[in-house]
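Student:
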Amino acid sequence: MRLGRIAHQEGLCFAIIEGEPGNLVAKEISGTPFTPPEPTGREFAEAEFRLLAPTLPTKVVALGRNYADHVAEVFAKSADDLPPTIFVKPSTAVIGPGAPVKIPEFATNVEFEGELAVVISKVSKNIDPDKWQEHVLGFVICNDVSSRDLQFQDGQWARAKGIDTFCPLGPWIETDINKFDLDNTKINAYLTHDGQRVQKQDSNTNQMIVKMGGILAEISASMTLLPGDVVTTGSPAGTAPMVPGDTIEIEIPGIGSLTNPIERA
Numbered sequence: 001m002r003l004g005r006i007a008h009q010e011g012l013c014f015a016i017i018e019g020e021p022g023n024l025v026a027k028e029i030s031g032t033p034f035t036p037p038e039p040t041g042r043e044f045a046e047a048e049f050r051l052l053a054p055t056l057p058t059k060v061v062a063l064g065r066n067y068a069d070h071v072a073e074v075f076a077k078s079a080d081d082l083p084p085t086i087f088v089k090p091s092t093a094v095i096g097p098g099a100p101v102k103i104p105e106f107a108t109n110v111e112f113e114g115e116l117a118v119v120i121s122k123v124s125k126n127i128d129p130d131k132w133q134e135h136v137l138g139f140v141i142c143n144d145v146s147s148r149d150l151q152f153q154d155g156q157w158a159r160a161k162g163i164d165t166f167c168p169l170g171p172w173i174e175t176d177i178n179k180f181d182l183d184n185t186k187i188n189a190y191l192t193h194d195g196q197r198v199q200k201q202d203s204n205t206n207q208m209i210v211k212m213g214g215i216l217a218e219i220s221a222s223m224t225l226l227p228g229d230v231v232t233t234g235s236p237a238g239t240a241p242m243v244p245g246d247t248i249e250i251e252i253p254g255i256g257s258l259t260n261p262i263e264r265a
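Each residue of the sequence shown is one higher than the one before, counting from 1 in UniProt numbering.
Below, the structure is given as structure tokens:
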């Protein structure tokens with residue numbers, strides 16, 4: 001099942017999303033996705049709604065340096081020398097599908113990072129790595145937009161990765177997590193620049209250093225995760241700079257694609 005959050009003529013709501021892009025239907029549910037969804041009977045055709053970020057997290061907890069090839073391309077070091085690290089993106093960075101990533105003047109080298117992320121389903125602390133599925137509502141695509149100049153200048157990553165609009169999420173939450181083989185899930189990214197669409201990321205979750213259970217166990221040992229919080233699992237190689245006028249699309253088969261234009265703030 002695909003759960004989304006939409007804006008329509010009369011307001012906002014959570015909804016079950018059915019169909020394919022170009023022929024989507026949103027079926028409103030009462031309440032939030034963190035209880036069994038109950039359709040209200042109201043439905044919206046694709047022309048009648050806009051997809052928003054599918055969750056309103058209190059925090060986005062991210063794992064950096066979790067793909068060896070990405071460590072090599074960004075830091076020019078081995079993953080043995082730079083193990084994975086945990087950082088947090090603020091909720092004010094979150095935007096939804098189609099919303100613009102806005103680059104401020106002081107960020108001069110901004111890159112996309114396509115990532116598989118999870119949405120937490122319940123209050124979670126000290127997650128058993130073998131039972132991580134019990135704490136996950138579903139999977140979502142995350143673009144961990146990062147200002148490389150600030151990342152290296154500051155030494156820590158809060159500002160570089162926490163700028164407003166630097167965390168696109170979407171297009172919806174795919175709740176059927178058992179259909180995914182996390183040892184073989186593709187992550188693709190396509191950058192359109194000057195009208196030319198080029199594939200930049202072409203990777204697979206089989207390249208993850210720390211696997212899903214370990215990620216959630218490690219993070220929840222330090223901080224309590226709340227319903228709706230997002231945990232991202234790291235970016236593979238292939239990241240590249242974006243400039244105003246570009247469009248970035250992250251695609252994960254089984255979820256869909258997340259597309260955002262790039263603008264100047």
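The beta carbon of each residue, even a glycine, is placed where N, CA and C say it ideally should be. None of these values were measured; they are calculated from a predicted model.
Taking Cβ to Cβ, would you say P59 is nearer than 8 Å to S30?
Tutor: It is worth fixing the name first, because residue 59 is Lys in this sequence and not Pro. No, the pair does not count as a contact, with Cβ atoms beyond the cut-off.
Student: Consult DSSP for M1 and reduce its assignment to one of helix, strand or coil.
Tutor: coil
Student: Which first and last residues belong to the beta strand (DSSP E) in which R65 is found?
Tutor: Where R65 is concerned, there is no enclosing beta strand (DSSP E), given that its DSSP letter is neither H nor E.
Student: How long is the line joining the alpha carbons of A7 and E174, rounded to whole angstroms?
Tutor: The C-alpha of A7 lies about 19 Å from the C-alpha of E174.
Student: Suppose the cutoff is 6 Å on Cβ atoms and the five residues either side in sequence are ignored; what does the same chain contact list for C167 look like?
Tutor: V60, K89, A93 and V94
Student: Please work out which residues of its chain come closer than 7 Å, Cβ to Cβ, to P236, disregarding the five sequence neighbours upstream and downstream, and give them in chain order.
Tutor: Y67, D69, H70, I187, Q201, S203 and Q207
Student: Any idea if A47 is buried or exposed, counting beta-carbon neighbours within 10 angstroms, 16 or more meaning buried?
Tutor: exposed
Student: Would you kindly work out how many angstroms separate the C-alpha atoms of I255 and T205, rounded to a whole number?
Tutor: Those two C-alpha atoms are separated by around 14 Å.
Student: Candidates E20, F44, P37 and L12: which alpha carbon is nearest A26's?
Tutor: Cα-wise, what sits closest to A26 is F44.
Student: Does residue 277 come out as helix, strand or coil in the three-state DSSP assignment?
Tutor: Nothing can be reported for residue 277, as the shown portion of the chain is limited to 1 through 265.
Student: Reducing DSSP to helix, strand and coil, say where E73 ends up.
Tutor: helix
Student: When you compare only the Cα positions, how much space is there between S245 and V118?
Tutor: Per the sequence shown, residue 245 should be read as Gly rather than Ser. Taking the straight line joining both Cα atoms gives about 29 Å.
Student: Where do the N-terminal and C-terminal ends of the beta strand (DSSP E) with S257 fall, by residue?
Tutor: G256 to R264
Student: Who are the Cβ neighbours of S220 in its own chain at under 7 Å, not counting the five residues just before and after it?
Tutor: S124, K125, N126 and I127
Student: Just checking my contact of T233 with L63 at CB under 8 Å: how many whole Å lie between their CB atoms?
Tutor: 6 Å
Student: Just to check my reading of the structure: residue 268 and L56 have Cβ atoms closer than 8 Å, yes? What is that Cβ distance to the nearest angstrom?
Tutor: Within the shown structure, residues of the chain are numbered from 1 to 265, placing residue 268 beyond reach of any answer.
Student: What's the C-alpha gap between E115 and N184?
Tutor: 14 Å
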